[in-house]
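Numbering (our numbering), first residue to last: 73 to 381. Worksheet: the structure to be examined is printed underneath.
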Ligand code: UT7
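Have a look at this one:
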């Protein structure tokens with residue numbers, strides 16, 4: 073869906089969207105495609121590039137705020153559809169930080185020996201959750217999925233440090249009011265957007281810049297490295313101006329920030345794995361590179377992971 077498509081449905085312009093967000097287009101899944109369907113495609117590709125079979129996976133973690141069902145988890149749907157006989161599967165509800173938190177949990181479970189190989193997924197069908205009458209939010213979001221296989225290795229590569237933080241008092245900045253147990257759908261619910269994404273963009277913007285910069289600095293410091301050791305930063309793709317402001321605070325140029333927001337918009341928990349996959353497949357990440365992934369989202373919640381690729 074291009075910016076021109078939005079000009080036909082809300083009072084907006086390509087010029088506003090590009091200059092204020094950096095987004096030119098975003099992908100919208102068809103009615104017959106769910107977030108678990110996209111997760112399954114991404115997982116198949118991750119398994120293929122890892123050269124593994126379904127029996128090798130014993131942990132499936134899915135970051136999502138748009139699961140197929142309220143019950144059970146998307147991870148269980150993926151487990152059933154792909155057939156992981158030896159796995160435990162569960163979701164992580166951390167909005168745009170879902171993949172980062174999933175990776176951190178997988179890393180800890182593998183490090184303690186409880187699990188051997190994890191499939192960590194971020195998948196969102198945000199179009200099912202977007203109010204296409206609200207120009208403040210609808211132009212921002214897209215649908216996508218990404219996945220990664222994680223296993224232990226003994227050559228010094230892998231997750232070197234992780235950081236996770238949240239502040240629940242800021243949850244009204246980004247939430248969905250109606251449809252949960254606090255405000256169930258009234259019998260006579262008339263659409264007013266309250267069951268879709270509700271966001272205070274400009275307040276979130278400021279917290280996002282501060283929190284993502286601090287989280288990235290934190291994982292670099294925990295790993296005993298400096299910013300000069302980092303080959304690439306893979307940030308959550310929410311707004312090009314947020315990415316630029318984080319780069320400035322970290323003291324790096326755009327050349328060390330991976331950016332693909334122009335093609336996908338904000339895809340929440342899918343954003344980081346989607347960017348990571350494009351960065352690695354396009355040769356932007358090389359063996360031995362230090363890579364920082366950093367994200368921020370509804371909760372509010374934020375986090376970062378530093379890996380040696
Ligand atoms: O995924 C993690 C969570 N989300 C985020 O990180 C989002 C963070 N926030 C943002 O990316 C930005 O705040 C937005 C892109 C959402 C908004 O940009 P902004 O520069 O903060 O704009 P604003 O909200 O301050 O609005 C400025 C003006 C307003 O008009 P008035 O009141 O000045 O007349 C808005 O109504 O821009 C107007 N506006 C639009 N105009 C054209 C808002 N959306 C649109 C639009 N087209 N789509």
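Glycine is no exception: its CB is placed at the ideal position from the N, C-alpha and C atoms. These figures come from a predicted structure and were not determined experimentally.
Taking all protein chains shown into account, decide if residue i is buried (16 or more other Cβ within 10 angstroms of its Cβ) or exposed.
| i | result |
| --- | --- |
| residue 261 | exposed |
| residue 173 | buried |
| residue 278 | exposed |
| residue 186 | exposed |
| residue 380 | buried |
| residue 134 | buried |
| residue 201 | buried |
| residue 336 | buried |
| residue 268 | buried |
| residue 298 | exposed |
| residue 91 | exposed |
| residue 258 | exposed |
| residue 168 | buried |
| residue 125 | exposed |
| residue 197 | buried |
Would you report the Cα separation of residue i and residue j, rounded to the nearest angstrom?
| i | j | result |
| --- | --- | --- |
| residue 296 | residue 203 | 44 Å |
| residue 147 | residue 132 | 6 Å |
| residue 123 | residue 330 | 26 Å |
| residue 83 | residue 212 | 14 Å |
| residue 77 | residue 98 | 11 Å |
| residue 74 | residue 219 | 25 Å |
| residue 374 | residue 286 | 10 Å |
| residue 107 | residue 227 | 35 Å |
| residue 136 | residue 342 | 8 Å |
| residue 162 | residue 349 | 22 Å |
| residue 304 | residue 310 | 18 Å |
| residue 143 | residue 103 | 20 Å |
| residue 179 | residue 79 | 44 Å |
| residue 222 | residue 346 | 16 Å |
| residue 114 | residue 154 | 11 Å |
| residue 367 | residue 157 | 32 Å |
| residue 283 | residue 306 | 15 Å |
Which whole-angstrom value describes the C-beta separation of residue i and residue j, a residue pair presumed to lie in contact below a C-beta threshold of 8 Å?
| i | j | result |
| --- | --- | --- |
| residue 150 | residue 175 | Not really, about 16 Å apart at Cβ, beyond 8 Å. |
| residue 44 | residue 101 | Because the chain here runs from 73 to 381, residue 44 falls outside it and cannot be looked at. |
| residue 334 | residue 96 | 5 Å |
| residue 376 | residue 291 | 4 Å |
| residue 170 | residue 339 | Contact flag wrong, Cβ pair sits at about 11 Å. |
| residue 112 | residue 189 | Actually they do not touch by this definition, with Cβ atoms about 18 Å apart. |
In this structure, what does DSSP give as the bridge partners for residue i?
| i | result |
| --- | --- |
| residue 134 | 163, 193 |
| residue 381 | None; residue 381 has no bridge partner. |
| residue 237 | 374 |
| residue 247 | 270 |
| residue 221 | 191 |
| residue 362 | 302, 380 |
| residue 97 | 74 |
| residue 215 | 197 |
| residue 208 | In DSSP, residue 208 forms no bridge with anything. |
| residue 338 | 213 |
| residue 368 | 374 |
| residue 329 | 305 |
| residue 355 | Answer is none; residue 355 lacks a bridge partner. |
Is residue i near ligand 2, judged by its Cβ being under 6 Å from some heavy atom?
| i | result |
| --- | --- |
| residue 211 | Questions concerning ligand 2 fall outside what the structure shown contains, since the ligands it does hold are ligand 1. |
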